[in-house]
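One structure is given here, and the rest of the page talks about it.
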Amino acid sequence: MPELPEVETVRKGLNQLTLNQEITGGDVLLDRTIAYPFSVGEFVDGIKKNAIATWHRRGKYLLAELTPSSSPSLTSWLGVHLRMTGQLLWLHRDEPLHKHTRVRLFFGEHQELRFVDQRTFGKMWWVPPGVAVESIMTGLAKLAADPFSPEFTVEYLALKLQNRRRPIKTALLDQSVVAGLGNIYADEALFKSGILPETLCIDLQLKQIERLRTAIIQVLETSIEAGGTTFSNFLSVKGTNGNYGGVAWVYNRAGEACRVCDTPIMRIRLAGRSSHFCPQCQTLRGVMS
Numbered sequence: 000m001p002e003l004p005e006v007e008t009v010r011k012g013l014n015q016l017t018l019n020q021e022i023t024g025g026d027v028l029l030d031r032t033i034a035y036p037f038s039v040g041e042f043v044d045g046i047k048k049n050a051i052a053t054w055h056r057r058g059k060y061l062l063a064e065l066t067p068s069s070s071p072s073l074t075s076w077l078g079v080h081l082r083m084t085g086q087l088l089w090l091h092r093d094e095p096l097h098k099h100t101r102v103r104l105f106f107g108e109h110q111e112l113r114f115v116d117q118r119t120f121g122k123m124w125w126v127p128p129g130v131a132v133e134s135i136m137t138g139l140a141k142l143a144a145d146p147f148s149p150e151f152t153v154e155y156l157a158l159k160l161q162n163r164r165r166p167i168k169t170a171l172l173d174q175s176v177v178a179g180l181g182n183i184y185a186d187e188a189l190f191k192s193g194i195l196p197e198t199l200c201i202d203l204q205l206k207q208i209e210r211l212r213t214a215i216i217q218v219l220e221t222s223i224e225a226g227g228t229t230f231s232n233f234l235s236v237k238g239t240n241g242n243y244g245g246v247a248w249v250y251n252r253a254g255e256a257c258r259v260c261d262t263p264i265m266r267i268r269l270a271g272r273s274s275h276f277c278p279q280c281q282t283l284r285g286v287m288s
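Shown next as structure tokens:
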């Protein structure tokens, strides 16, 4: 599933390619991809003749600010959640359709933005002018602070984790604890902070939480610089793979030597998800310099 670095990579690409370009029309090939409005025709009519002012990211959600040329003050929103296998690709309209293409948004000069989604869990929304985005895209209201926001302090993270009797790895996957973090970067941040994934939140000391906050930001920044991670489906808007997987500390490296101490990386299951860690480095002393 695309996590914060992959979604941020897509956002940056969209801002490079689509800004100030008017959506001339659209074609919905799988109706259930559209979460709102409930009429596919209303969705297409709503986004049509709007230019994209900018793309935002909130957690793993993408939000395009739309402004009509006839009345720029009437801002509406196009929301996208890639979920497990969603891709947004900027292509020439003559490019052959991928069999998993779900939505096509048409622009000038025969360009289009295609939403390709093999597993069909991805969603798109059009939020009309004057309507609160959170009232339509209700998942936004449940999001915790973004790791790159000023609100994401050590005190904030400690408050979110206090008194929780569940493994820290499981807690980090909760979007009401940290927005945008998923399985890949939770494993990476726990390695960088020297914390075992099974450690209960309630047992964490403040110094560990401080290391964890720093590690979360560091691994996300590193992955964004690498264009995200591609292990299966993720592609940038231009169709390129992310490169973080080649330098990952522990994720997807079970049985391989730790990059720090050469101990074989281990993999366990927590709450139905794989967790990767180094049994030597992930101790109270940590591995961060």
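Counting in numbering that gives the first Met the number 0, the sequence shown runs from 0 upward without gaps.
Virtual Cβ for every residue (Gly too), placed ideally from N, Cα, C.
This one's a predicted model, so the numbers in the text were calculated from it and none came from an experiment.
The Cβ neighbour count for F42, taken over all protein chains shown within 10 Å, is at least 16; the residue is labelled buried.
Between G78 and L62 a beta carbon distance of about 5 Å is seen, short of the 8 Å cut, so the two are scored as contacting. R118 has its alpha-carbon roughly 34 Å from the corresponding atom of E150. Within the segment 16 to 76, the beta strand (DSSP E) runs of at least 3 residues that lie entirely inside it are, in chain order, 24 to 27, 33 to 35, 49 to 57 and 60 to 67. For G245, the secondary structure class from DSSP, reduced to helix, strand or coil, is helix. Secondary structure at Q86: strand, using DSSP grouped into helix, strand and coil. DSSP, read as helix, strand or coil, puts S235 in coil. Take N19, set aside five residues on each side of it, and the residues of its chain with a beta-carbon closer than 8 Å to its own are A50, I51 and A52, in chain order. In the same chain as R82, and ignoring 5 residues on each side of it, the C-beta atoms closer than 6 Å to its own belong to F120 and G121, in chain order.
Residues of the same chain with a CB within less than 7 Å of the CB of H97, apart from the 5 flanking positions on each side, are V115 in chain order. Residue state for R210 is assigned as helix, using DSSP reduced to three classes.
Between E2 and G227, the CB-CB gap stays under 9 Å.
Boundaries of the alpha helix (DSSP H) around F190: N182 to S192. Distance between E209 and S72, taken at the CA atoms: about 43 Å.
Fewer than three Cβ pairs drawn from the segment 194 to 204 and the segment 215 to 225 lie within less than 8 Å of each other, which leaves the two stretches out of contact.
R57 is positioned such that its CB atom lies closer than 9 Å to that of D145. DSSP links E111 through a beta bridge to L90 and F105. Residue range I167 to L171 is occupied by the alpha helix (DSSP H) that includes K168. At the C-beta level, Q217 and A185 stay beyond 9 Å of one another. Per DSSP, the beta bridge partners of G78 are L62 and W124.
Within the same chain, R212 come within 8 Å of T152 by CB-CB distance, once the 5 residues on both sides are set aside.
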